[in-house]
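**Student:** So the sequence shown is numbered by my numbering: it starts at 1 and just counts up by one. Note that CB positions come from ideal geometry on N, CA and C, so glycine has one too.
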Amino acid sequence: MSGFKVGFSDIIITPKLHLPMGGYGARLCNATGVHDDLFARAVYFNYNNGESLIIAADILSFPLKAIKYYRKLINHQIGIEEQRIFICALHNHSGPDTMGLIHPLRGFFRSSLDVRYFLKLGKKFVKLAENAKMSSQEALVDAEKRVMEKRLIINRREPLRDSKYDVGVIRFDDLQGNIIGFIINYACHGTVLPSDNTLYTAEYPGYLIKRIKARLGKKIHVIYLNGPCGDLNPNLFDFNVSLAEVDAKKEILYDGPGHAKGNFKRAREIGFAIADKALDISEEMKCIPITDFNHTFKSYFLSRKYLLYEKTVKMHLRHLNFKFKVGRFKLFWCIKKPPIPYPIDFIRKDGKYLQEAEIHVLKLNDIAIVGIPGEVFSELGNRILAKSKVKKTIIAELANGSIGYLYPLEDYKKGGYEMFLSLDVTGGTYLTNKAIKLLNSM
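1) Could you work out which residue in Ala26, Arg84, Leu385 is closest to Gly50 when comparing CA atoms only?
2) Would the beta-carbon of Tyr44 fall within 8 angstroms of that of Phe293?
3) Using a Cβ-Cβ cut-off of 7 angstroms (strictly less than) and excluding sequence neighbours within five positions of Gly281, which residues of its own chain qualify?
4) What runs of the beta strand (DSSP E), each 3 residues or longer, lie entirely inside the region 53-136?
5) Helix, strand or coil for Ile367? Go by DSSP, reduced to three states.
6) Is Met1 helix, strand or coil when you go by DSSP?
7) Grouping DSSP H, G and I as helix and E and B as strand, with all else coil, what is Lys212?
8) Could you give the distance in angstroms between the alpha-carbon of Pro373 and the alpha-carbon of Ile183?
9) Check Val246 in the structure and name its three-state DSSP category.
10) For Asn365, tell me which candidate among Lys389, Tyr412, Glu418 has the shortest Cα-Cα distance.
11) State the DSSP-derived secondary structure class of Met442, mapped to helix, strand or coil.
12) Give me the residue from Leu175, Arg116, Asn263 with the minimum Cα distance to Leu140.
13) If you follow the alpha helix (DSSP H) that Ser378 is part of, which residue opens it and which one closes it?
14) Count the other CB atoms within 10 Å of the CB of His221; is the residue buried (16 or more) or exposed (fewer)?
15) Who are the Cβ neighbours of Pro408 in its own chain at under 7 angstroms, not counting the five residues just before and after it?
16) Put Tyr300 into one of helix, strand or coil per three-state DSSP.
17) Reducing DSSP to helix, strand and coil, say where Gly7 ends up.
18) For Tyr204, which residues of its own chain have a beta-carbon under 6 angstroms away from its beta-carbon, when the five flanking residues on both sides are left out?
19) Could you check how far apart the C-beta atoms of Leu253 and Arg156 are, in whole angstroms? I think they sit under 8 angstroms.
20) Between which two residues does the alpha helix (DSSP H) carrying Leu421 extend?
21) Only counting the same chain, and skipping five residues up and downstream in sequence, which positions put a Cβ closer than 8 angstroms to that of Gly33?
22) Leu406 and Gly230 look like a contact to me (Cβ under 8 angstroms); what is the Cβ gap, rounded to whole Å?
23) Can you check DSSP and say which residues form a bridge with Met285?
24) Taking C-beta to C-beta, are Phe4 and Pro289 nearer than 8 angstroms?
25) List the whole-angstrom C-beta distance separating Ile78 from Val126, where the pair is believed to meet the contact cut-off of C-beta under 8 angstroms.
26) What is the DSSP secondary structure of Lys265, counted as helix, strand or coil?
27) Excluding the 5 residues flanking Met148 on each side, which residues of the same chain have their C-beta closer than 8 angstroms to its C-beta?
28) Around the C-beta of Ser242, are 16 or more other C-beta atoms found within 10 angstroms, so that it is buried, or is it exposed?
29) Need the endpoints of the beta strand (DSSP E) that Glu397 sits in, please.
Put into structure tokens, the structure is as follows:
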């Protein structure tokens with residue numbers, strides 16, 4: 001008897017076509033079709049009756065208040081402690097709008113967030129958790145990471161960095177040595193498809209999971225966690241493209257007319273490449289019993305400021321327009337009183353606006369999964385990995401909320417739209433240091 005159980009489940013979460021899509025400010029229309037279904041996937045852990053749950057969804061991002069709402073539902077129905085429920089988004093730009101910050105209202109009193117979809121997600125997450133728990137069985141575990149040499153990603157702010165990231169694999173076997181499932185980790189923005197795509201799709205993570213199931217069988221479970229990819233775009237050029245050539249015209253890395261555009265073929269190529277690398281890694285893994293399991297988290301409150309990285313009339317107007325949109329959105333919420341919490345997480349205290357940020361760490365033997373609630377720049381992710389005392393550490397971004405971009409102080413000085421969609425200047429460094437401290441305290 002190992003004393004450790006794991007269970008997996010998945011559920012379709014594709015919404016109806018009337019919903020606005022999220023992720024791109026240039027896309028104003030609703031979804032027009034479904035290319036492939038969106039999923040939420042869960043992995044349930046039980047070690048000596050201590051339960052934890054991870055849910056990963058093909059969604060842009062979730063506000064923390066929505067996460068807390070879903071946790072309460074799961075706790076009430078399934079009994080898993082709320083603080084041991086870890087919910088993350090894969091930052092899919094080809095799914096429904098779940099934040100409402102780009103275009104909060106359509107018309108004056110029509111929200112871009114569909115309350116009914118939020119409620120349906122809650123019911124589906126409860127079912128997902130229930131199925132994962134019911135399917136749990138005694139298991140062994142191992143993990144390994146290796147760098148992806150193929151140039152699947154490009155740092156859109158600094159193309160010459162030649163960014164590369166490890167493919168992380170956590171493998172679970174039954175007591176007879178048969179594979180139960182995997183947790184796969186890589187770091188790449190969910191932006192292969194451009195803003196003129198109006199079809200729902202799970203993007204490259206969907207292809208990744210399909211590839212593994214095609215090679216190993218449909219009964220094998222796979223859950224993907226997206227790593228620190230705040231500044232890492234999918235490579236939409238030749239995989240052997242000259243980075244100097246890209247750097248000379250790096251504005252084309254951003255979505256817009258005449259800029260680089262991906263397609264479903266490239267999403268498949270990226271997903272398949274990650275999957276094949278993960279399976280190569282898994283072939284040499286030897287799963288062992290769990291002797292150490294822990295799940296901890298801490299909350300931090302950060303000052304919320306609107307950052308004007310350019311002192312121009314255009315930037316000031318953009319700032320005022322954003323505040324006006326948020327104000328209308330809050331007024332809408334107060335009048336309509338939907339049955340879910342107001343999704344924007346600002347807390348007013350002593351005349352300041354604060355935002356809560358949770359950091360979670362799950363530890364299984366010499367394996368750690370760190371959850372950060374924002375779009376983490378790769379340099380900050382590398383700092384966490386370099387300073388971690390846990391041998392095999394992986395990072396999941398946009399976990400348990402979304403507080404915008406998290407970047408090093410040096411990047412603020414360089415400007416860019418990411419600064420506008422962020423906390424104060426030091427927020428990224430602050431949370432990085434807190435994550436390292438929490439990780440190394442376990």
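**Tutor:** Per the coordinate set shown:
1) Of Ala26, Arg84, Leu385, the smallest CA-CA separation from Gly50 is found for Arg84.
2) No, Cβ-Cβ distance for Tyr44 and Phe293 is not below 8 angstroms.
3) It should be noted that the sequence gives Ile, not Gly, for residue 281. Sequence-distant partners of Ile281 (beyond 5 residues in either direction) whose C-beta falls short of 7 angstroms from its own C-beta, in its chain, are Glu144, Arg146, Val167, Val169.
4) List check, beta strand (DSSP E) in window: 85-89.
5) In the structure shown, Ile367 falls within a strand segment according to DSSP collapsed to helix, strand and coil.
6) Residue confidence is low: Met1 scores 47 on pLDDT, short of 50, so the model does not pin down where it sits. Its coordinate-derived value is still stated next. DSSP places Met1 in the coil class of the three-state scheme, outside both helix and strand.
7) First, the amino acid is wrong: residue 212 is Ile here, not Lys. Correct three-state label for Ile212: helix.
8) Whole-angstrom Cα-Cα distance: 19 angstroms.
9) Per DSSP, reduced to three states, the secondary structure at Val246 is helical.
10) The closest CA to that of Asn365, considering only Lys389, Tyr412, Glu418, is found on Lys389.
11) In the displayed model, Met442 falls within coil according to three-state DSSP, outside both helix and strand.
12) With distances taken between Cα atoms, Leu140 lies closest to Leu175.
13) It spans 378-387 - the alpha helix (DSSP H) in which Ser378 sits, taken as one unbroken run.
14) Answer is buried; the Cβ neighbour count reaches 16.
15) Around Pro408, the same chain offers Phe377, Glu379, Leu380, Gly428, Thr429 as residues with beta carbons nearer than 7 angstroms, after the five sequence neighbours per side are excluded.
16) Taken through DSSP and simplified to helix, strand or coil, Tyr300 comes out as strand.
17) Strand at Gly7.
18) These residues qualify, in order along the chain: Val192, Ala267, Ile270, Gly271.
19) The Cβ separation is near 4 angstroms, so the contact holds.
20) No alpha helix (DSSP H) holds Leu421; DSSP gives it neither H nor E.
21) Correct list, in chain order: Leu17, Thr198, Leu199, Tyr200.
22) Taking the Cβ atoms as the reference, Leu406 lies roughly 6 angstroms from Gly230, within the contact range of under 8 angstroms.
23) Paired residue(s): none; Met285 is not in a bridge.
24) In terms of Cβ geometry, Phe4 and Pro289 form a close pair [threshold 8 angstroms].
25) That belief holds up - the Cβ atoms of Ile78 and Val126 are roughly 7 angstroms apart, short of 8 angstroms.
26) Lys265 carries a helical assignment under DSSP once its states are collapsed to helix, strand and coil.
27) Non-local beta-carbon contacts of Met148 in its own chain, meaning distances under 8 angstroms to residues more than five positions away in sequence, involve Lys164, Tyr165, Asp166, Val167, Tyr186, Ala273, Ile274, Lys277 in chain order.
28) The residue in question, Ser242, is exposed, as its Cβ has fewer than 16 Cβ neighbours within 10 Å.
29) Going by DSSP, Glu397 is part of the beta strand (DSSP E) stretching over 392-397.
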